[in-house]
Amino acid sequence: MAALPAPHRPAAEAAGRRILIDATRWKSGPHPPVDLGVLQDAVFADRRLRLRYRHGGESEPRTYTVDPYGLVAKAGVWYLVADRRGRPRLFRADRVRSARSLPDPVWRRPGVELADAWEVLRRQVEERPEGFEVTARVRRAGLDMFLRLQGASMTGHPEDDGEGEWVTVRLSYGSPRAVRQLLGFCNQVEVVSPPEAREELRRALTSVARIYDGQRGE
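Oh and the sequence shown: position 127 is 153 in this note's numbering, straight run, nothing missing.
Set out below in structure tokens:
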């Protein structure tokens, strides 16, 4: 405020009393600090990267070996743009659990630059069809864990009247099959609608039951 010219300070002070910006998302949980050092080193040294990366909605990270093109900052979020097995992939930097630069030189598709790969990925995200919408109810006792693991899939705030055992949530997935990840919450979550989601879960449970009955699964 002191850096502003004196004539502008009253207006700025009035705005500061009436406008407040909080950049954190509701119920999203704290984001781990992002260490871009290893990613930057690999990008500028033209080396391959070994990543342990946690996808949204999953509790355990996966391991990938990628060929990086570079880093992109979009709306305050850093992304690593890289090829995996010759196809472009997008990795949110704050979901990278560990990264190690490999001695192998990077292999990039001939004639493809960072801007080209980013444009392809950006269009894929922006032109992605509407998600598969699911309504579920979550036991209040398991809500905190559910929000940590499924917060990225939620399309609104939990509908909680402060009473009863259950809280209603609404989620969006890329396909009906993706709803199977909710089985990991056991009896802490019940999918209410649509019927296709409940049928998908029924088929998955039937397949698991066959395995443990000694029959061949799907």
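In this text, a Cβ means the ideal position worked out from N, Cα and C, and glycines have one as well. Predicted, not measured: the structure shown is a model, and the values here were computed from it.
For residue i, the three-state DSSP class (helix, strand or coil)
{"i": "residue 61", "result": "coil"}
{"i": "residue 91", "result": "strand"}
{"i": "residue 159", "result": "strand"}
{"i": "residue 239", "result": "coil"}
{"i": "residue 80", "result": "coil"}
{"i": "residue 189", "result": "coil"}
{"i": "residue 179", "result": "helix"}
{"i": "residue 233", "result": "helix"}
{"i": "residue 96", "result": "strand"}
{"i": "residue 222", "result": "helix"}
{"i": "residue 56", "result": "With a pLDDT of 49 at residue 56, under the threshold of 50, the predicted position of this residue should be treated as unreliable, and no value is reported."}
Residue nearest to residue i in terms of C-alpha spacing, selected from the options
{"i": "residue 119", "options": "110, 96, 128 and 138", "result": "96"}
{"i": "residue 167", "options": "87, 98, 212 and 192", "result": "192"}
{"i": "residue 222", "options": "126, 199, 179 and 147", "result": "199"}
{"i": "residue 113", "options": "100, 220, 123 and 138", "result": "138"}
{"i": "residue 186", "options": "195, 179 and 121", "result": "195"}
{"i": "residue 99", "options": "86, 111 and 116", "result": "116"}
{"i": "residue 124", "options": "65, 225 and 201", "result": "65"}
{"i": "residue 109", "options": "121, 88, 122 and 147", "result": "147"}
{"i": "residue 308", "options": "211, 67 and 210", "result": "Since the first residue of the chain shown is 27 and the last is 244, residue 308 is not available in this structure."}
{"i": "residue 183", "options": "189, 197 and 190", "result": "197"}
{"i": "residue 226", "options": "158, 189 and 239", "result": "158"}
{"i": "residue 103", "options": "86, 62, 79 and 89", "result": "62"}
{"i": "residue 126", "options": "111, 153, 79 and 150", "result": "79"}
Minimum Cβ-Cβ distance from residue i to chain C less than 9 angstroms
{"i": "residue 148", "result": "You won't find chain C in this structure, because it holds only one protein chain."}
Counterpart residues of residue i in DSSP-defined beta bridges
{"i": "residue 227", "result": "Answer by DSSP bridge pairing: none, since residue 227 is not bridged."}
{"i": "residue 216", "result": "163"}
{"i": "residue 195", "result": "162"}
{"i": "residue 203", "result": "In the DSSP output, where bridge partners are listed per residue, residue 203 has none listed."}
{"i": "residue 75", "result": "92 and 127"}
Any 3 or more C-beta pairs closer than 8 angstroms across the region 171 to 179 and the region 123 to 133: no
The region 137 to 148 in contact with the region 163 to 171 per 3-pair CB rule at 8 angstroms: no
Alpha helix (DSSP H) runs wholly inside the region 98 to 174, at least 4 long, in chain order: 140 to 152
Contact between the region 88 to 102 and the region 63 to 72 (3+ Cβ pairs under 8 angstroms): yes
Segment contact, 8 angstroms Cβ cut-off, at least three pairs: the region 211 to 228 with the region 156 to 164: yes
Any 3 or more C-beta pairs closer than 8 angstroms across the region 222 to 241 and the region 198 to 208: yes
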